[in-house]
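The opening position of the sequence shown corresponds to residue 34 in the working numbering, with each subsequent residue numbered one higher. Cβ atoms here follow ideal geometry from the backbone N, Cα and C, with glycine treated the same way.
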Amino acid sequence: MKELKNYLNQVYLKDTAISLLYWDRETYMPDGANDIRAKQISLLSGEVHAAMTSPVLKKLLQKNNQKKLSKTDQKLIELVKYDLKLNTALPPKLVSEMSELTSKASNIWAKARKENDWKTFAPYLKKIIKLKQKEADYYGGKNRYNNLIKLFDQEMTSSKIDVLFDQLKLALPHIIAKVNEQKKHTQTKSFKGTFSQEQQQKINQSLLPLCGLDPNHSRLDISSHPFSINMGIPDQRITTRYNSHHLESIFSTLHEIGHAMYEANLPVKYQGTPLAKALSMSLHESQSRFWENMIGLSREFINYITPVLKKNFKSQLANFNADSLYYTFNTVKPSLIRVDSDELHYNLHIIIRYELEKALINGDLSVSDLPAAWNKMYKHYLHITPKNYSDGVMQDSHWAGGSFGYFPTYTIGNIYSAHFYQMIKKDLANFHTLVRKAELQPIHNWFKQHVHQHGKMKTGGQLIGGDLNAAVYLNYLKDKFII
Ligand SMILES: [Zn+2]
């Protein structure tokens, strides 16, 4: 086992070095370095892929197969075998074709979105879908879309997702209708004036240690799209972006803090092996959503942070108190853009994407019919229609990057987060008091103990002690938004 672990650790060191190249590209790298950076990333990624599919690795696995192994080592072997199966399922030609196509398509998409140019982007999307269908076929199994979902959440299938999403589809419109009727979350005050980036940055910076991220092992920087990445467990990097007319950077920072805390608390003794990896993208999103919504956007946390905000933005917030700030931050309003959406509408955006991408991959919808199908669903679920492609079918980068099967993990993450919310409130009787005082260490510790430290050693079902249940999430939403 020692030899295998050493081997994996060497690959891990290269892999985390690639992360550093990405992080730098998105934060500090001068634009002119784009080409050489792409080559550096591609070279190292190729080496990592080669190492993870190499006969040397296969031999090491075989060698350990015959031995009596501890439970953890057995799990480790199982995880490496699974990765090996995925990594070797695809012919190298398809892998390079896909990476070339999606990197080109991503560039085309970024430009086309700015220019509302669906015609230029559509042929690329068509090619990507064809290639994704081919890829899905290589993984085996009849349901192509299922094969792609598993890349992001091994425990999920489209029939499981259908059950969860059908419940949400049925209930969310009623909750939203009730919220509209009650007006508390819809007729909210808007901000006037500007909020300096420097002051916002200072507040965001203070959130990292407050939530439990060690300043000695984490950084906060700026990028055009917020993200979190790490160069190993002791090196967590998060980014945020600033809008001078709003304070949303606080919540997007909390979101990324949630991601980073998961990674920071993975079992360090297994670092370098798949045992110390996050369980799935759904679980990852449950962590970020928890810190963003259940902590950050809670009444208790807004009560805590209101004096801090008012001290920093005295004139801008002169007409606000904790109550009005709570409703402003939790305004419910249908929007065309997913990333600007409130907690209630957000899942409808995801359900639309899920249904469309499932139909695209399974061959039930063609790219030429996609914009009309998109608009029809927005009219049906959100009662709004995009006036252009950029605010409609072309708004997300996922499809251009070939990430089919990723979208549902956002809403599954939301459902998980509600399960954790229910569990933590039972275990920490003073949960709300802790949040109001911003004494967040016990909450951080709870997640470390019940989620993070298990890495890939437990299933999602084991972490929440049962099956995912959309009703748990719906109850959380009703409690929060219906008076
Ligand atoms: Zn996230």
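Judged by DSSP in its simplified three-state form, D429 adopts coil rather than helix or strand. Going by beta carbons, T339 and A351 fall outside the 8 Å limit. With contacts defined as CB atoms closer than 8 Å, H465 and E333 qualify as a contacting pair.
Assigned with DSSP and collapsed to three states, N249 falls in helix. Just measuring C-alpha positions, the residue of A471, F480 and A433 sitting nearest A145 is A433.
For the pair P441 and Y387, the CB atoms are nearer than the 8 Å cut-off. Taking a cut-off of 8 Å on C-beta distances, the segment 63 to 81 does not touch the segment 141 to 156, as fewer than three cross pairs fall below it. For S261, the enclosing beta strand (DSSP E) covers residues S261 to N263. The closest heavy atom of ligand 1 lies 7 Å or more from the beta carbon of S430. One thing to note: M490 has its Cβ no nearer than 8 Å to the Cβ of S315. Proximity of the segment 410 to 426 to the segment 239 to 253 falls short of the contact definition, fewer than three beta-carbon pairs being nearer than 8 Å. For ligand 1, residues qualifying as neighbours are H288, H292, H317, E318 and S321, where qualification means a beta carbon closer than 7 Å to at least one of its heavy atoms (chain order). Shown here for F198: same chain residues with a beta carbon closer than 6 Å to its own, the five before and five after excluded, namely I384 in chain order. Contact check for Q474 against G245 passes: the beta carbons are separated by less than 8 Å. Every alpha helix (DSSP H) stretch that sits fully inside the segment 358 to 441 and reaches 4 residues is listed by chain position as 376 to 394 and 403 to 415. Along the segment 88 to 134, the alpha helix (DSSP H) occurs as fully enclosed runs of 4 or more residues at 88 to 98 and 104 to 122, listed in sequence order. The shortest C-alpha to C-alpha distance from A309 to any of K511, G265, E36 and L389 is the one to G265.
Contact between L330 and F362 holds, with the beta-carbon distance rounding to 6 Å and staying under 8 Å.
In this structure F437 touches I394 by the C-beta definition: roughly 6 Å separates them, less than 8 Å. Taking M62 as the centre and dropping the five residues before and after it, the same chain places the C-beta of R70 closer than 8 Å to its C-beta, in chain order. Non-local C-beta neighbours of I497 in its own chain, meaning closer than 6 Å and more than five positions away in sequence, comprise H452, ordered along the chain. Unbroken beta strand (DSSP E) stretches of 3 residues or longer found wholly inside the segment 197 to 282: 251 to 255, 261 to 263 and 269 to 273, given in chain order. Pairing P367 with Y360, the inter-Cα distance amounts to about 15 Å.
When DSSP states are grouped into helix, strand and coil, A145 belongs to the helix group. Leaving aside the five residues that flank S285 on each side, the residues in its chain whose CB is nearer than 8 Å to its CB run, in chain order, P259, T273, R274 and E325. Per DSSP, the unbroken alpha helix (DSSP H) holding T339 starts and ends at R332 to N345. Judged by their CB atoms, I271 and E296 are not nearer to each other than the 8 Å cut-off. For T444, the number of other beta carbons within 10 angstroms of its own is at least 16, and it is reported as buried. V81 and L94 do not touch by the CB rule: their CB atoms are close to 17 Å apart, not below 8 Å.
About 39 Å separates the Cβ atoms of F346 and F185, ruling out a contact at the 8 Å cut-off. Rounded to the nearest whole angstrom, the CA to CA distance from F353 to S257 is 29 Å. F480 is not a Cβ neighbour of I208, given a cutoff of 8 Å.
N180: member of the alpha helix (DSSP H) spanning R177 to I182, first to last residue. Take the alpha-carbon of I457 and the one of K108: they are about 28 Å apart. Straight-line spacing of the CA atoms in L37 and S78 works out to 20 Å.
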